[in-house]
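Chains as they are written, first to last, in my numbering: chain D, 207 to 363; chain S, 207 to 363.
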DNA sequence: TATTGTTATACTCTATAACTATA
DNA sequence: TATAGTTATAGAGTATAACAATA
């Protein structure tokens, strides 16, 4: 790392800009979309798939606020998930206006497949010495727990 | 980090999946698009802006292959850059079919502004102990140099 | 005949507004 | 009257195909 970077930027900024560079590199570009295509979904619907597994059974509208999109988008995403047999709509027992979205067994499997593909590290990471890889894994996993709200490492959920 | 993650996955996978989780989190979601909007571009055009600065004067088609998109997309992206005064087309001295794209001073400034915004780290990173932040920065900067082709930390270019 | 960049066109994804049903 | 979800519609972004200029 050039000396002027360390001098003019704080470590958190340097770290994050490196993360961004790795993530937006041509090598990584399109990975998310390709993974989604691999399970027959578009990126938005795949994100819903991820969120549902983490959150469990969820009203449509709650899913929307979780994903920062409006109700009509949720309808379309859940339509896509249902079409692939990855989720189903269940009537809420307490409010007949509300529909709950629930992942199917098949949806859980698709999610695992996608996650497995997304977590394949780029050469920049695998080329690091083992010791550095371990430090990265340890520190980044810790960072997830410090997020607000705390996140689980994707592998575990 | 739960023990089973360490047991069933190698450190590089864990590290990368954590990076992905941070980058795709709702907190970070839309950052790229918002930054692009801040300099009056859409995400694709902003990516071209980044690439141009790194690569210097470039034929349209070379820019396209760098960005993994076809020629007509390049035309549209460079149109957007020209409209904002961020780049200009220059006739190639050796081949009259070819147009070179060159960033303007204004384009370089816009890029710095965008980069500055993109490198603001999320709370998950800033909440780490200083010592961890420094380790992250050091290791990730090293990882960039190990990429193929090697990358510069965004701050430096 | 092949290649560069452009234009015209269509498709996908996302966002907005009007609608139905329940509360 | 307010809220949940849907449908209809329009917009942005991206990709495909036909085109003119040059090699």
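Glycine residues also receive a C-beta, built at the ideal position from the N, C-alpha and C atoms.
Note that the coordinates shown come from a computational prediction; the quantities given were computed from them, not determined experimentally.
Answer yes or no: does any C-beta atom of chain D fall closer than 8 Å to that of residue i?
i: residue 241 of chain S; result: no
i: residue 342 of chain S; result: yes
i: residue 357 of chain S; result: yes
i: residue 259 of chain S; result: no
i: residue 219 of chain S; result: yes
i: residue 235 of chain S; result: yes
i: residue 263 of chain S; result: no
i: residue 209 of chain S; result: Residue placement at residue 209 of chain S is flagged as unreliable, the pLDDT there being 39, under the threshold of 50; the coordinate-derived value follows with that caveat. Not an interface residue.
i: residue 354 of chain S; result: yes
i: residue 251 of chain S; result: no
i: residue 228 of chain S; result: yes
i: residue 232 of chain S; result: yes
i: residue 306 of chain S; result: no
For residue i, decide whether its Cβ has a neighbour in chain S, counting only Cβ atoms nearer than 8 Å.
i: residue 280 of chain D; result: no
i: residue 332 of chain D; result: yes
i: residue 283 of chain D; result: no
i: residue 319 of chain D; result: no
i: residue 296 of chain D; result: no
i: residue 339 of chain D; result: yes
i: residue 329 of chain D; result: yes
i: residue 225 of chain D; result: yes
i: residue 316 of chain D; result: no
i: residue 347 of chain D; result: yes
i: residue 287 of chain D; result: no
Out of the options, point me to the one whose CA is closest to residue i's CA.
i: residue 235 of chain D; options: D:324, D:315, D:247; result: D:324
i: residue 166 of chain S; options: S:253, S:288, S:287, S:237; result: Because residue 166 of chain S is not part of the residues shown, which for chain S are 207 to 363, the question remains open.
i: residue 242 of chain D; options: D:322, D:274, D:215, D:333; result: D:322
i: residue 293 of chain S; options: S:300, S:301, S:282, S:299; result: S:282
i: residue 239 of chain S; options: D:237, D:230, D:244, D:267; result: D:230
i: residue 314 of chain D; options: D:341, D:295, D:246, D:259; result: D:259
i: residue 354 of chain S; options: D:218, D:227, D:268; result: D:227
i: residue 333 of chain D; options: S:319, S:329, S:349; result: S:349
i: residue 320 of chain S; options: S:268, S:297, S:274, S:246; result: S:246
i: residue 216 of chain D; options: S:301, S:268, S:337; result: S:337
Return the Cβ separation of residue i and residue j in integer angstroms, given the expectation that the two are a contact with Cβ distance under 8 Å.
i: residue 221 of chain S; j: residue 327 of chain D; result: 7 Å
i: residue 291 of chain S; j: residue 280 of chain S; result: With a Cβ gap of about 18 Å, residue 291 of chain S and residue 280 of chain S do not count as contacting.
i: residue 331 of chain D; j: residue 342 of chain S; result: So it is not a contact: roughly 13 Å between Cβ atoms.
i: residue 339 of chain D; j: residue 218 of chain S; result: 5 Å
i: residue 295 of chain S; j: residue 305 of chain S; result: 5 Å
i: residue 359 of chain S; j: residue 223 of chain D; result: 6 Å
Touch test, the region 305 to 317 of chain D against the region 257 to 266 of chain D, Cβ-Cβ under 8 Å, three pairs minimum:
The region 305 to 317 of chain D is in contact with the region 257 to 266 of chain D.
Give a yes or no on contact between the region 241 to 251 of chain D and the region 282 to 290 of chain D, applying the rule of three or more CB pairs nearer than 8 Å.
Cβ pair count under 8 Å is three or more, so yes.
Which runs of the alpha helix (DSSP H), 4 residues or longer, sit entirely within the region 288 to 325 of chain D?
311 to 324
Where are the alpha helix (DSSP H) runs, 4 residues long or more, that stay fully inside the region 239 to 263 of chain D, in chain order?
249 to 261
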